[in-house]
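Participant:
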Amino acid sequence: MTEVVGATHQFHEAEYAEDWARRFTPTPERMQLFETVLEQLQRAVPADGHIVELGIGPAYLAEFLLERMPHISYEGVDFSEPMLALAATRLARFEGRVQFQQADLLGDSWGSALTRPPAAMVSTWALHDLGGQAQTAHVYRACAAALSQGGILLNGDLIKPDGTRHLFEPGRFTIGRHLELLQEAGFSDSRCLHLWEEEIEAPTSADNYACLLGIV
Ligand SMILES: C[S@@+](CC[C@H](N)C(=O)[O-])C[C@H]1O[C@@H](n2cnc3c(N)ncnc32)[C@H](O)[C@@H]1O
731 MTEVVGATHQ
741 FHEAEYAEDW
751 ARRFTPTPER
761 MQLFETVLEQ
771 LQRAVPADGH
781 IVELGIGPAY
791 LAEFLLERMP
801 HISYEGVDFS
811 EPMLALAATR
821 LARFEGRVQF
831 QQADLLGDSW
841 GSALTRPPAA
851 MVSTWALHDL
861 GGQAQTAHVY
871 RACAAALSQG
881 GILLNGDLIK
891 PDGTRHLFEP
901 GRFTIGRHLE
911 LLQEAGFSDS
921 RCLHLWEEEI
931 EAPTSADNYA
941 CLLGIV
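With our numbering applied, the sequence shown covers 731 to 946.
#1: My parser needs the beta strand (DSSP E) runs of 3 or more residues fully inside the stretch 841-896; what are they?
#2: Would you please state the rounded distance, in angstroms, between the beta carbons of R902 and I889? I believe it to be under 8 angstroms.
#3: Using beta-carbon positions only, say whether I781 and I802 come within less than 8 angstroms of one another.
#4: Quick one: using the 10 Å Cβ neighbour count with 16 as the cut-off for buried, is E805 buried or exposed?
#5: Counting pairs of Cβ atoms below 8 angstroms between the stretch 818-834 and the stretch 849-856, do you hit three or more?
#6: Roughly how many whole angstroms lie between the Cα atoms of L836 and Q772?
#7: Alpha carbon to alpha carbon, how far is T757 from F809? Give it in angstroms, no decimals.
#8: Count the other CB atoms within 10 Å of the CB of T866; is the residue buried (16 or more) or exposed (fewer)?
#9: Relative to the C-alpha of V869, which candidate in V775, D937, P933 and E783 has its C-alpha closest?
#10: Return yes when the Cβ of E899 is within less than 8 angstroms of the Cβ of V767, no when it is not.
#11: So V946 packs on A833, CB below 8 angstroms; how close in whole Å?
#12: Does the distance between the C-beta of M813 and the nearest non-hydrogen atom of ligand 1 fall short of 7 angstroms?
#13: Report all residues from its chain with a CB closer than 7 angstroms to the CB of D894; omit the five preceding and five following residues, and keep chain order.
#14: Keeping to the same chain, check which residues put their C-beta closer than 6 angstroms to that of R871; ignore five residues upstream and five downstream.
#15: I781 by DSSP, collapsed to three states: which one?
#16: So within the stretch 772-818, which uninterrupted alpha helix (DSSP H) runs reach at least 4 residues, ignoring any that extend past its ends?
#17: Thinking C-beta only, is P812 closer than 8 angstroms to E743?
#18: For Y790, I'd like the list of residues in its chain whose CB is within less than 6 angstroms of its CB, leaving aside the five on either flank, ordered along the chain.
#19: Among D937, G886, C922 and R921, which residue has its Cα nearest to the Cα of E928?
#20: Hey, I905 and A856 are a contact pair by Cβ (cut 8 angstroms); roughly how many whole angstroms apart?
#21: Between the alpha carbons of L912 and G862, how many angstroms are there, rounded?
#22: Exposed or buried, which one is A737 when buried takes at least 16 other CB atoms within 10 Å?
#23: Hey, is L836 close to ligand 1, as in C-beta under 7 angstroms from one of its heavy atoms?
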């Protein structure tokens with residue numbers, strides 16, 4: 731009961747990044763999250779729209795979306811050089827449609843350094859690693875500022891499920907609090923689309939992830 735649900739990472743180390751990418755090849759449940767993201771993007775984003783991914787990591791989601799949305803352009807932001815190298819390798823066949831920005835999401839400049847105005851911003855399993863609610867709120871505000879009216883943010887992140895007796899790392903917090911932070915950041919509408927692998931009694935660090943939608 732005193733164990734905290736969460737994980738520590740060394741994303742700047744090449745061996746760790748490669749091992750993480752091997753261990754977390756998308757499962758069928760995570761593929762359902764990708765499908766949910768795709769469904770929303772197909773509704774909200776013009777065929778040749780620009781999509782920005784925050785914490786792109788090994789680019790599993792990026793590859794999935796670039797294959798299924800053949801005219802979009804894509805920009806991956808991440809602070810880890812080894813993760814960006816893995817992403818570049820995975821996405822090599824989409825050359826000309828993909829760009830990368832090495833930046834710390836906790837900084838203030840990545841939003842204004844984007845190569846094109848985004849129609850949508852996406853993220854999976856990344857923002858909880860920023861450290862807490864204030865850090866996630868900072869990114870939510872930067873997203874709201876970078877998107878124009880009708881633009882969407884889809885954050886498929888690990889959360890703390892309602893009703894659990896377990897302690898969670900501060901970056902994992904309730905869906906209700908995420909929705910409040912999205913509203914406070916300037917999203918006019920926010921909702922949770924789905925929660926996967928909900929586990930209240932004996933959660934592991936890879937359980938309990940939700941797809942949160944914010945519409946500007
Ligand atoms: C757990 S991995 C998830 C990768 C990918 N989104 C996925 O779902 O497979 C988190 C990613 O976020 C990146 N990341 C964590 N903190 C960051 C920060 N402060 N700024 C930029 N990227 C960050 C890490 O380098 C890593 O690539």
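Here a beta-carbon is modelled for each residue, glycine too, at the ideal position from N, C-alpha and C.
Facilitator: Taking the definition as stated:
#1: DSSP runs (the beta strand (DSSP E)) wholly in the stretch 841-896: 850-854 and 882-888.
#2: Contact holds; Cβ gap of about 6 angstroms.
#3: Yes, they are a contact pair.
#4: Buried, since its Cβ has 16 or more Cβ neighbours within 10 Å.
#5: With a cut-off of 8 angstroms, the stretch 849-856 and the stretch 818-834 do not count as touching, because too few Cβ pairs lie within range.
#6: L836 and Q772 have their C-alpha atoms roughly 29 angstroms apart.
#7: For F809 and T757, the gap between their C-alpha atoms comes out near 25 angstroms.
#8: Buried: at least 16 other Cβ atoms inside 10 Å.
#9: Checking every option, the nearest Cα to that of V869 belongs to E783.
#10: No. Outside cutoff.
#11: Actually they are not in contact, since the Cβ atoms of V946 and A833 sit about 21 angstroms apart, beyond 8 angstroms.
#12: Distance from the C-beta of M813 to the nearest heavy atom of ligand 1 is below 7 angstroms.
#13: Here the sequence assigns Thr to residue 894, which means Asp is not the residue at that position. By the criterion of a C-beta distance shorter than 7 angstroms, T894 is surrounded in its chain by I930 and P933, once the five residues flanking it on both sides are discounted.
#14: Short of 6 angstroms from the beta carbon of R871, and not among the five residues preceding or following it, lie these beta carbons of its own chain, in chain order: A915.
#15: I781 falls in the strand class under three-state DSSP.
#16: Listed in chain order, they are 790-798.
#17: Yes; because the gap between Cβ atoms is below 8 angstroms, this pair is in contact.
#18: Cβ contact annotation for Y790 (same chain, cutoff 6 angstroms, sequence separation greater than five): P756, in chain order.
#19: Here the closest residue by C-alpha is D937.
#20: Contact between I905 and A856 is absent: CB atoms are separated by about 17 angstroms, not below the 8 angstroms threshold.
#21: Distance from the CA of L912 to the CA of G862, rounded to the nearest whole angstrom, comes to 14 angstroms.
#22: Result: exposed.
#23: Yes.
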